[in-house]
Every structure is written in C-alpha cells, then in structure tokens.
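**Student:** As numbered in this note's numbering, the sequence shown has no gaps in its residue numbers, which increase by one up to the final residue, 86.
For every residue, glycine included, the Cβ atom is placed at its ideal position computed from N, Cα and C.
No experiment lies behind these values; they were computed from the predicted model shown.
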Amino acid sequence: IGTYQAIKHKLADVLIAIEMARPLVYGAALSLADSSADTARDGSAAKVAAADAALLAARSSLQTHGAIGFTQEHDLSLLLLRVQA
C-alpha cells in the first residue's frame with residue numbers, strides 16, 4: 002500500500018507534522034526542568050502541535066484504511082477516540 006504516491010504524500014505530511022512538534026515538546030520539557038517563567042507557554046505550544054500531529058495521523062490513517070477504522074475490531078477506532086478526546 003505504501004507504493005502508491007497519494008499514500009506517500011499523506012505519510013510525508015504526517016511525518017512533517019510530527020517532526021515539527023518534536024522540538025516544541027523537547028523545549029517544553031527543558032523549560033519545565035529549568036523552572037523557567039515560560040513553562041506554561043512552552044507546554045501549551047507543545048500540546049497544540051502534538052495534538053494537531055496526532056489528529057492528522059489519525060485522520061490520514063482513517064482515509065487510507067477506509068470504513069474499517071470506525072469498527073471496534075480495528076485499533077484505529079481506539080486511536081481516533083483518544084485523539085479526539
């Protein structure tokens with residue numbers, strides 16, 4: 002399934018979103034460890050970026066797998082519930 006170009010583009014978009022969120026998460030952890038004044042701001046930015054990346058990954062996976070993602074038999078339904086909560 003990964004040989005299709007449309008799937009590769011979706012996977013690339015998800016990878017970019019995850020890689021863009023990673024420095025924010027590391028920065029928030031460093032800010033928390035140093036007890037800096039910007040801990041709340043850094044944590045909020047990391048949370049938003051990571052949540053957006055997770056939602057993009059879940060939605061892209063659902064579009065790739067089709068309706069099977071909505072059934073309880075597939076782990077994707079649990080991932081979607083966790084991301085949207």
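Give me the Cβ distance between Ala54 and Ile19, rounded to the nearest whole Å; I'm assuming they're in contact under 8 angstroms.
**Tutor:** That pair is a contact at about 5 angstroms.
**Student:** If you check the beta carbons only, do Ser61 and Leu77 fall under 8 angstroms apart?
**Tutor:** Contact flag unset, no.
**Student:** Given a cut-off of 8 angstroms, decide if Gly28 and Asp43 are closer than it, judged by their beta-carbon atoms.
**Tutor:** Result yes, Cβ atoms of Asp43 and Gly28 sit closer than 8 angstroms.
**Student:** Considering only residues of the stretch 37 to 75, which uninterrupted alpha helix (DSSP H) runs meet the minimum length of 4 residues and lie entirely inside it, listed in chain order?
**Tutor:** Listed in chain order, the complete alpha helix (DSSP H) runs (minimum 4 residues) inside the stretch 37 to 75 are 40 to 66.
**Student:** My guess is that Ala50 and Ala22 are in contact by the Cβ rule of under 8 angstroms, so how many angstroms apart are they, rounded?
**Tutor:** Confirmed, about 4 angstroms.
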